Structures are given as C-alpha cells and as structure tokens.
Amino acid sequence: MRKLYTPLGIIVFLWLTGCSIPEIKQPKFTIEVPLLIEQIKEMNQFENVQIQSTVSAHNDQTSYYIVVHIKNGQHLPEDDKELSNLGLQIAEKVKNKVENAEEFDAFSIVFHSDYNVGFVRAGNSRQYNFRNTDI
7 MRKLYTPLGI
17 IVFLWLTGCS
27 IPEIKQPKFT
37 IEVPLLIEQI
47 KEMNQFENVQ
57 IQSTVSAHND
67 QTSYYIVVHI
77 KNGQHLPEDD
87 KELSNLGLQI
97 AEKVKNKVEN
107 AEEFDAFSIV
117 FHSDYNVGFV
127 RAGNSRQYNF
137 RNTDI
C-alpha cells in the first residue's frame with residue numbers, strides 16, 4: 007500500500023506546483039534582438055546589454071516584465087533623475103520594438119557598474135521600473 011501512496015503523492019505535488027507557477031511570456035520583437043542590443047549599446051557606449059522577460063506572482067496577482075540589464079556605460083549621469091530619464095529612453099526604445107508590448111505590465115532597466123579597487127572587484131546596480139502605461 008505504501009508503494010501506491012509515494013508515486014501518487016509525487017504526482018499530486020507536481021500537479022499542484024505546476025498550477026501555481028505562472029508561465030513566462032516571451033516578447034515578440036519587430037527587429038532582430040542583436041540589432042536592438044547594438045542600438046541600445048550606442049546610446050552610451052554600454053559594454054554589455056541583455057534583454058529578458060520575467061514574471062512575478064504575489065497574492066494572486068501576476069505581473070509580467072521585460073528586464074534590460076546594462077553593464078558599464080560611459081559617462082553615466084550621476085544625477086538620479088538624469089539616469090532615470092536615460093532608463094526611460096531605453097524602455098521606450100525596447101517597447102517600440104516589441105510587437106506584443108501590451109502583454110507586459112512594466113519595463114525594468116538595471117544599470118550595472120563594475121570596477122576594480124586595487125585587487126578587489128566591486129560594483130553596484132541601480133534599477134528603474136516603468137509601468138507600460140507610463141511609457
């Protein structure tokens with residue numbers, strides 16, 4: 007009898023887990039992603055740009071995001087408002103190249119800065135979130 011409960015329990019667990027994990031939506035780009043990445047890199051001579059989609063579920067509320075990770079831009083603004091404006095420009099550029107942009111709730115732009123201090127590698131990140139309706 008115990009042999010029956012173990013597989014049955016595993017099946018029920020997997021079924022319940024599968025029902026509670028939302029599926030990640032994939033953006034449909036109107037241009038090739040490498041071309042869009044190059045356009046973003048040219049905005050501030052960014053070292054690296056990555057675009058991904060993600061989902062967040064909390065209290066029966068599911069939100070879908072497009073996240074743009076940007077690494078080591080040249081001459082990034084020190085002022086938070088200016089950096090936020092640059093993030094908004096990037097979010098607008100990405101949104102304009104996503105055919106199904108209305109399926110996403112927000113665009114998140116994350117600026118990563120890596121630098122060396124002597125023998126220690128350090129870094130920091132600043133993230134700006136823009137609701138789809140505000141772009």
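In the numbering used here, the protein residues as written are 7 to 141.
Note that the Cβ used here is the ideal one computed from N, Cα and C, for glycine as well.
Since we're looking at a predicted model, the values are computed, not measured.
**Prompt:** According to the neighbour-count rule (16 or more other Cβ atoms, all chains shown, within 10 Å of its Cβ), is A128 buried or exposed?
**Reply:** As a position in the sequence shown, residue 128 is number 122, starting the count at 1. Burial call: exposed.
**Request:** Taking only the alpha-carbon atoms, compute the straight-line gap between K47 and V55 and give it to the nearest angstrom.
**Result:** Residue 47 sits at position 41 when you count from the first residue of the sequence shown. Residue 55 sits at position 49 when you count from the first residue of the sequence shown. If I take the Cα positions, the gap works out to 7 Å.
**Prompt:** With burial defined as no fewer than 16 other Cβ atoms inside 10 Å of the residue's Cβ, what is the status of G79: buried or exposed?
**Reply:** Indexing the sequence shown from 1 puts residue 79 at position 73. When all chains shown are included, G79 counts as buried.
**Message:** Taking the straight line between their C-alpha atoms, what separation do you get for M49 and I43?
**Reply:** Here the question's residue 49 lines up with position 43 in the sequence shown. Here the question's residue 43 lines up with position 37 in the sequence shown. Cα-Cα distance, rounded: 10 Å.
**Prompt:** Is R132 near the ligand NAP, going by C-beta to nearest heavy atom under 7 Å?
**Reply:** Absent from the structure shown: the ligand NAP. Ligands present: none.
**Message:** Please return the same chain residues whose Cβ sits closer than 8 Å to the Cβ of E29, not counting the five positions on each side in sequence.
**Reply:** Counting from one through the sequence shown, the residue named residue 29 turns up at place 23. These residues qualify, in order along the chain: V61.
**Item:** Beta-carbon proximity list for H75, same chain, < 6 Å, skipping 5 on both sides
**Value:** Within the sequence shown, numbered from 1, the residue matching residue 75 stands at position 69. Contacts found: Q56 and V116.
**Item:** Straight-line Cα distance separating N65 from Q51
**Value:** In the sequence shown, the residue the question calls residue 51 occupies position 45. In the sequence shown, the residue the question calls residue 65 occupies position 59. One C-alpha to the other measures close to 40 Å.
**Proximity to A97 [Cα-Cα], best of Y121, Y134 and L82** = Within the sequence shown, numbered from 1, the residue matching residue 97 stands at position 91. Selected option, being the one with the closest Cα: Y134.
**Prompt:** So, is V104 buried or exposed, given that buried needs 16 or more other C-beta atoms within 10 angstroms?
**Reply:** Translated into positions along the sequence shown, residue 104 becomes position 98. Buried, because 16 or more other Cβ atoms sit within 10 Å of the Cβ of V104.
**Prompt:** DSSP puts A63 in a beta bridge; with which residues?
**Reply:** Indexing the sequence shown from 1 puts residue 63 at position 57. Answer is T68, bridged to A63.
**Message:** Once DSSP output is grouped into helix, strand and coil, what is the label at I76?
**Reply:** In the sequence shown, counting from the first residue as 1, residue 76 sits at position 70. I76: strand per DSSP, three-state reduction.
**Asked** In chain order, what residues of the same chain have a beta carbon less than 8 Å from the beta carbon of N122, not counting five sequence neighbours either side?
**Response** Your numbering for residue 122 matches position 116 in the sequence shown. A128, listed in sequence order.
**Prompt:** Taking the Cβ atom as the reference point for each residue, do D120 and K77 lie within a distance shorter than 8 Å?
**Reply:** What you label residue 120 is simply residue 114 of the sequence shown in a count that begins at 1. What you label residue 77 is simply residue 71 of the sequence shown in a count that begins at 1. For D120 and K77, yes; Cβs fall inside 8 Å.
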